[in-house]
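Undergrad: Quick one: this structure, given as structure tokens, is what I'll be asking you about.
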Amino acid sequence: MVVLAASICTRGGKAVLSRQFREMPRSRIEALLASFPKLADSGTQHTTVEQDNVRFVYQPLDELYMVLITNRQSNILQDIDSLHLFAQVVTSTCKNLDEREILKNAYELLSAFDELVTLGYRENLTISQIKTFLDMESHEERIQEIIARNKELEATEERKRKAKQLEMQRKDAARSGRGAMGGMGGMGSSGGMPRSPSYPSYNPPSQSNTSTYDSYEAEKNKSFSKPLAPKAKGMQLGKKSKTTDMFERVRGDMGGEIDDSPLVAPAPVQHAEAAEPRVSSTLDRDAIHVTISETISAKLSREGAVNSLAISGDLVLRISDPSLTKIKLGLQAEASHGVQFRTHPNVDRNLFNGSKIIQMSNTARGFPVNNAVGVLRWRASPKVDDASTCPITFTVWINKEGAKYNITVEYELTGSDALNDVSVVIPYAGSEPVVSSFDATYDVSGDALEWTIGNVDEENPNGSFEFEAESGDENDFFPMTVRFNKSTPYIDVDVLSASLLEEEEEVTFSKEIKSHADNFLRNQLAPFSATEYQDRAPDGYPVSCPTLDLSATWDPVDKNILVYRPPGQVVSKIHQVGAPGQKAPDAQAVTWRSDGQFLAVGWSDGFVRLIGLENNKAAHHIKVGESPGSNITHIGWASSSIAGKGSSAVSQALRDGLVGDSARNGDGLPLNLPRELTFLEVDTALPKISPLPSSSAGSGEDALVFTLRTGIDFLFQPPKPEEYDQVSVMIIGTSDGQLQLSIYDSFIIGSFQCPQINTSSSQLILHASHPHVSTQALLVADKTEEPEEVHLVPIDLPFISSHPINLSLLASKLTTLQKLLRYLKQAQLHMQVEWRNTRELPTRFLRSIQGDLENLETGPRSIVPALYHLAVTGHAFEPVREWLVESLAERGHKRWDKAVVSGLEGLRNLVHENFLPALDRCAIILSRLRGLAQFHDTRDDIGFTLQQTSRLMDIVQCLQLIGHKVLINVMDELDSFTAFSTWLRFQIDRLASSSSASEELTEKEATMDIAKVLSYIGNYLIDSPLRLFFDEMTREDYEADWAHIEGGPTLLHVLDQALGKWENGQSSMKALPRIEFLVSYATTWANRTFKGIAEAKKRSVRLGNPIRLSAGRVVSHRDMRMSKSRNKETNVVTALASKEAKSEVQIFSVGIDIINGISTNRPPKGCRIDLGPRTLIDLKFLNDETLVILSNSQDNGLQVVSVPIRTGRLAYADYDPSRLSETPCVSVDGFTAYSFPEKSVSRPLRMEVNDRNNVRGDMPQRVCVVESNRTTIKTFTFQ
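Reminder that position 284 of the sequence shown reads as 297 in this note's numbering, one-by-one numbering, no gaps.
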């Protein structure tokens, strides 16, 4: 025969231990074992199955299988004989046939397998010969080991004796008042109390199965071992010397009983009088075998409180003799702790409820042969009010000192039954823990610390374990896993008898009782919050905020984006008004920024609008694409770091708190002075920009954005130090296959076409990035809903990491300039409104008298000479008198005065508080950009030139000149109008009053400034000088002036000449002095500069080759994550799942090599996650290391499984789309599973996850579950 491999696997095909004897890849072995359960027949004891070119020879070992994989030409009789020998090796080596015991004795089992088979051929050996080969005993070596252990024990006793003596001497010295000790075995006295000496601690080795039996070790454990009892005195030896009878003990060790010892001796028991319980195996059972298996699951808090306790049990019957199938079992089943029993559907339920008898409902049928059948199940959830309901409790004490955590784990036996083989597995993520408990038995592996307690009973009811380790978070040491076994079940269930139905004759049966902890410290999610929505959330909603407990949903009826916070309060309602004559647009995609400050909403009108949390006004409007019918499919928004090695080193030095000359100079300036000067914000010394008045707001997207103080402060935030080396990147995908790239929220780089897939256009459906990697990942497909396959496309953005100018500085200045230009445009529109308000009403009043004056036969023909005549002579022509007294009167004068004064004052405030301060900030930014252009004048990759920035500076200077001109004219006109308004009211009262009141009015006339009245009448009444800056322009004048100044001389000089000609009454350029013209001209030149910078960045963007990823079925669930490992390797991990295979998740890992910002893909690797009996609901990546799977099962209910995605944690193999069935399969049984609190979630529909962050206060890791009613989202945290 040729044995290809020998394996111990679970019933699901997961390899627990495997050894191949011929050259075969590991993936081939795993694929064969994964297909084995589908071929195996559990109804037979020994059997074989064949597949392709191999034969499986297998035998059940309790819940496991012993499987030999041979070729089909081998002798079947030899195969079965070899299988028996392999099974004997396993059963004699392991005390219990479970996964934990198999892995614990893996080394001994593999050594035995190698003795059995060499290069695939069976060796002619017996079990005793194999035992002899594995023992490799040496008489001299054993003597030396015994002597060494004796010396260690004597040293420990001597240390304790001396410590006790020192303690007694200190007490004597304290009582006598002496400050020193003397006369202590050669120890001299000193001037103070001596410190107790420090002796090296001894950590006993962990108890493990060895290949030899040591009677000395057994004798020592019988006499002195009390593991971890805090009040015990440690290991105490007798008064007799340990060396007097050493050689007699050695002779005893060499006795004849060694030949009768098992193949591999089990770990010695703790007490001599406690007999080893009989271990049942498949080789020593009776024809009727009953297994009572019970599982204890509990959730304990770190403080020791029992939050929940669940008991589940099964009674399994296995009959190997066909003549004994028609039997009945007499049971003892006490209904305690609220237990609920449930029988098999084929078992007579009424008979069990009445008499506690198990038999078939149809007595003509018997129980199956050679098949383990579960005939009874029970479930119980005892009340946790009484601490004694839980067999054992644990309390965790955490003390943090800097980056180190000192952790003490304390246990206490709270039940009445003794527990065996108690151990605690404590995970850790940082440095290796340092254990300070000197008498503890523990084992440190790569990522976990296992504390072996042993037996916990009345003699050892409590104990503690203390260790110290470095970690970034105390949650890295959780969840702790507790394992133990009980000799008696928690629920009193027992089989008392077994008898034949027809003969009424009792028959013998074997019985096995197993009660153990499964997820004893079961990980449970803790409720965090719950939010109720007013209406049902549509597909894809709600979307939770990554940094705050907020969520956004879409109301399709009223077309509102609603942002909620618990328990159901609407904090923001976002509604987008449609264009005139069109309905309001619909929201198509919603994404939060990573810091939670912005919400990006893609609308059906082709815009992505960025809304801040402070108000519901859109801060930025991003036009997406040119196709009118395209939809926005996905918005990817992430933050990338642009820090180089130098800045990272400086930042680390500052974090380390360096002081002195190396960190600061004599003036106390920071070490990274160039960086601080680069981001020095001069405009922070200027007054804040004021919000625009809401009363005169116009129409358009930006009409109300700048009218609130909160909106202004939100838009014009100075960059924070932690953001100096970061830049946000947004990638927007549309249904026509376009990708639009933007940086720093609103600076558009350009559009790109998605790669074509199978001659069809593709759409963006997912986006992933890493803050320290310039390359980002796109997941595209031919459709957004349930595509057949997806493609991974890397997109290289080398300008992020290799730009001559700090990209964060450049992008922040450019976007701030964009916002200032928008602000200037709105200020100009508000100024236009105020200017019109000052002219409309007075013009109507003056137009009403103009016709009467023109009809006069003698006298003035217009209002200006008529009012001039009235002011100089005091005589009013009849039309003027009627107009003043009857038409204008007191009410009309008040309206005139209010319109002009409020308009001029509003215009003055706009220029002084809004227009000129915004221009000052534009000048500061352009000065910075001009300096950068001068410094990098020889480079063509920065995207802008010195000439462009100089031209923009020239335009800003022209606007500043016009602004000051407007301010001077407004002040003069307002001053003159005040005098004119007072005089006009005087004339109305004088002409309408009697002769007695005219004398009082004459006194008022003496106090008037007639010169200002005449100035207003002559210069401002009909035609104001402000008309030059605010009046309407013809299209011809606009185009003529634009053509004249485009590419011409200095604009400020041209404007100065035009103003001089206009003041002298000469004809000049009509459009150039207009504020509207100059603002439009500045915006045009700025857009040219922005376009050049964007083109320079766009030239370096590269889309990689698509990588096909397929799950073999329609993809219904997907997620993607980009991670960077500690050894600087970059990987893109994609998880896919299908509704057609609800218990399977495909994971793909694609490595990316990046050189100078250009990526190269490594071949993809794949792995399958087998959920077993669970049904997938949703999946999401929590962080770079964890995939969270929300699943449901009949046994465990709703669970969240945490799957590690690192290459070392999952068995990845080369991905071949044509051989998906051979992809390595990993069961989730070995991963951490979290349950939901009882009755907290009924039917979840989808899930979102958010990692821990402290952007706006410490927020833990969260799982957000949307209920099936679509009106509730519940948030839970990991404990």
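Ideal placement from N, C-alpha and C gives every residue a C-beta, glycine not left out.
Bear in mind the structure is a predicted one, so any value in this text is a computation, not a measurement.
By alpha-carbon positions, which one of Asn771, Ile745, Gly1270 ends up nearest to Gly763?
TA: For the purposes of this step, residue 763 is identified with residue 750 of the sequence shown, where counting begins at 1. Considering only alpha carbons, the answer is Ile745.
Undergrad: So what does DSSP say about Cys1238, is it helix, strand or coil?
TA: Position 1225 of the sequence shown, counted from the first residue, corresponds to residue 1238. Looking at Cys1238 - three-state DSSP - the assignment turns out to be strand.
Undergrad: Let me know if Val590 comes out buried or exposed under the rule of 16 or more other beta-carbons within 10 Å of its beta-carbon.
TA: On the sequence shown, residue 590 is found 577 positions in, with the first residue counted as 1. It is exposed - the Cβ of Val590 has fewer than 16 other Cβ atoms within 10 Å.
Undergrad: Please list the segments of the alpha helix (DSSP H) lying wholly inside the stretch 837–887, counting only runs of 4 or more residues, in order along the chain.
TA: Counting whole runs of 4 or more residues, the stretch 837–887 contains the alpha helix (DSSP H) stretches 876–886.
Undergrad: List the whole-angstrom C-beta distance separating Phe1161 from Pro1176, where the pair is believed to meet the contact cut-off of C-beta under 8 Å.
TA: Residue numbering aside, residue 1161 sits at position 1148 when the sequence shown is read from its first letter. Residue numbering aside, residue 1176 sits at position 1163 when the sequence shown is read from its first letter. About 11 Å; that fails the 8 Å criterion.
Undergrad: Check whether the Cβ atoms of Thr106 and Arg1269 lie closer than 7 Å to each other.
TA: Stepping through the sequence shown from its first residue, residue 106 is reached at position 93. Stepping through the sequence shown from its first residue, residue 1269 is reached at position 1256. In this structure, Arg1269 does not lie closer than 7 Å to Thr106 by Cβ.
Undergrad: Leu1065 and Gln970 look like a contact to me (Cβ under 8 Å); what is the Cβ gap, rounded to whole Å?
TA: Against the sequence shown, residue 1065 aligns to sequence position 1052. Against the sequence shown, residue 970 aligns to sequence position 957. Correct: roughly 5 Å between the Cβ atoms.
Undergrad: With DSSP collapsed to three states, give me the class of Asn1196.
TA: As a working mapping, residue 1196 is identified with position 1183 in the sequence shown. DSSP places Asn1196 in coil when its eight states are reduced to three.
Undergrad: Indicate the three-state DSSP secondary structure (helix, strand or coil) for Tyr1033 in the structure shown.
TA: The sequence position of residue 1033 within the sequence shown is 1020, counting from 1. It is coil, neither helix nor strand.
Undergrad: Would you give the residue range spanned by the beta strand (DSSP E) that Phe1291 belongs to?
TA: Translated into positions along the sequence shown, residue 1291 becomes position 1278. No beta strand (DSSP E) contains Phe1291, which DSSP labels as neither H nor E.
Undergrad: Under 7 Å, do Ala884 and Leu1004 count as touching if we go by C-beta distance?
TA: Sequence index remark: in the sequence shown, residue 884 carries index 871 (1-based). Sequence index remark: in the sequence shown, residue 1004 carries index 991 (1-based). No.
Undergrad: Who are the near neighbours of His357 in its chain, counting only those whose CB is closer than 8 Å to its CB and skipping five residues on each side?
TA: One-based indexing of the sequence shown puts residue 357 at position 344. Around His357: Val386, Gly387, Val388, Leu389.
Undergrad: On the criterion of 16 or more Cβ atoms from any shown chain inside 10 Å, does Glu867 qualify as buried, or is it exposed?
TA: Locating residue 867 in the sequence shown gives position 854, where the first residue counts as 1. The residue in question, Glu867, is exposed, as its Cβ has fewer than 16 Cβ neighbours within 10 Å.
Undergrad: For the beta strand (DSSP E) containing Gly746, name the first residue and the last one.
TA: Locating residue 746 in the sequence shown gives position 733, where the first residue counts as 1. 739–747 is the span of the beta strand (DSSP E), which, as asked, contains Gly746.
Undergrad: Can you tell me the Cα-Cα spacing of Tyr441 and Lys413, whole angstroms?
TA: The residue labelled residue 441 in the question sits at position 428 within the sequence shown. The residue labelled residue 413 in the question sits at position 400 within the sequence shown. Computed Cα separation, rounded: 15 Å.
Undergrad: Do you know how far the Cα of Leu923 is from the Cα of Ala1198?
TA: On the sequence shown, position 1185 is the one that residue 1198 refers to. On the sequence shown, position 910 is the one that residue 923 refers to. Rather than Ala, the amino acid found at residue 1198 in this sequence is Glu. Approximately 54 Å between the Cα atoms of the pair.
Undergrad: What is the residue span of the beta strand (DSSP E) that Thr1245 lies within?
TA: By one-based count along the sequence shown, residue 1245 stands at place 1232. Element bounds for Thr1245: 1245–1248.
Undergrad: Are Asp299 and Thr521 closer than 7 Å when you measure CB to CB?
TA: Mapped onto the sequence shown, residue 299 falls at position 286. Mapped onto the sequence shown, residue 521 falls at position 508. Yes. Within cutoff.
Undergrad: Alpha carbon to alpha carbon, how far is Ile67 from Ser87?
TA: As a working note, residue 67 is residue 54 in the sequence shown. As a working note, residue 87 is residue 74 in the sequence shown. Sequence inspection shows Val at residue 67; the Ile mentioned does not correspond to that position. About 10 Å.
Undergrad: Determine which residues share a DSSP beta bridge with Asp809 and list them.
TA: By one-based count along the sequence shown, residue 809 stands at place 796. DSSP, once it has assigned bridges, lists Arg1115 as partnering Asp809.
Undergrad: Can you say whether Ser787 is buried or exposed, counting buried as having 16 or more other CB atoms within 10 angstroms of its CB?
TA: For the purposes of this step, residue 787 is taken as residue 774 along the sequence shown, with counting starting at 1. By the neighbour-count rule (16 or more Cβ atoms within 10 Å), Ser787 is buried.
Undergrad: Could you tell me which residues DSSP puts in a beta bridge with Trp650?
TA: Against the sequence shown, residue 650 aligns to sequence position 637. Paired residues: Met743.
Undergrad: Thinking C-alpha only, which one of Pro892, Ala902, Val914, Glu899 is nearest Arg849?
TA: Against the sequence shown, residue 849 aligns to sequence position 836. It is Val914 whose Cα lies nearest to the Cα of Arg849.
Undergrad: Pull the bridge partners of Met79 from the DSSP assignment, please.
TA: Taking the sequence shown and counting its residues from 1, the one referred to as residue 79 is at position 66. DSSP, once it has assigned bridges, lists Ile21, Gln72 as partnering Met79.
Undergrad: Give a yes or no on contact between the stretch 1106–1114 and the stretch 1123–1139, applying the rule of three or more CB pairs nearer than 8 Å.
TA: No: fewer than three Cβ pairs fall under 8 Å.
Undergrad: In the DSSP output, which residue or residues are listed as bridge partners for Gly976?
TA: Here residue 976 is taken as the residue at index 963 of the sequence shown, counted from 1. Looking at the DSSP assignment, Gly976 forms no beta bridge with any residue, so it has no partner.
Undergrad: Roughly how many whole angstroms lie between the Cα atoms of Lys586 and Ile574?
TA: As a working mapping, residue 586 is identified with position 573 in the sequence shown. As a working mapping, residue 574 is identified with position 561 in the sequence shown. Whole-angstrom Cα-Cα distance: 6 Å.
Undergrad: Pair every Cβ in the stretch 984–1003 with every Cβ in the stretch 927–944, then say whether three or more of these pairs are closer than 8 Å.
TA: Output reads no: the stretch 927–944 does not touch the stretch 984–1003.
Undergrad: Whole angstroms is fine: what's the gap from Arg721's alpha carbon to Pro704's?
TA: Start at 1 with the first residue of the sequence shown, and residue 721 comes out as number 708. Start at 1 with the first residue of the sequence shown, and residue 704 comes out as number 691. Note on residue identity: the sequence assigns Leu, not Arg, to residue 721. Near 6 Å, if we compare the C-alpha coordinates of Pro704 and Leu721.
Undergrad: Check whether the stretch 459–470 and the stretch 501–513 touch, using three or more Cβ-Cβ pairs below 8 Å as the test.
TA: Contact between the stretch 459–470 and the stretch 501–513 is absent, because fewer than three Cβ pairs lie under 8 Å.
Undergrad: What span of residues does the beta strand (DSSP E) with Trp605 cover, start to end?
TA: As a working note, residue 605 is residue 592 in the sequence shown. Its beta strand (DSSP E) spans residues 600–605.
Undergrad: On a Cα-Cα basis, can you pick out the residue from Pro855, Ala1084, Leu880, Lys369 that is closest to Asp1354?
TA: Residue 1354 is absent from the structure shown; the chain starts at 14 and stops at 1292.
Undergrad: According to the Cβ coordinates, are Ile21 and Leu98 closer than 7 Å?
TA: By 1-based counting over the sequence shown, the position of residue 21 is 8. By 1-based counting over the sequence shown, the position of residue 98 is 85. For Ile21 and Leu98, no; Cβs fall outside 7 Å.
Undergrad: List the endpoints of the continuous alpha helix (DSSP H) containing Pro593.
TA: The residue given as residue 593 occupies position 580 in the sequence shown. Here Pro593 belongs to no alpha helix (DSSP H), and DSSP marks it neither H nor E.
Undergrad: Below 7 Å between beta carbons: does that hold for His647 and Arg1121?
TA: If you number the sequence shown from 1, residue 647 lands on position 634. If you number the sequence shown from 1, residue 1121 lands on position 1108. Cβ distance not < 7 Å, so His647 and Arg1121 don't count as in contact.
Undergrad: Contact between the stretch 927–938 and the stretch 897–907: three or more CB pairs below 8 Å?
TA: The stretch 927–938, when compared against the stretch 897–907, does not touch it at the 8 Å Cβ threshold.
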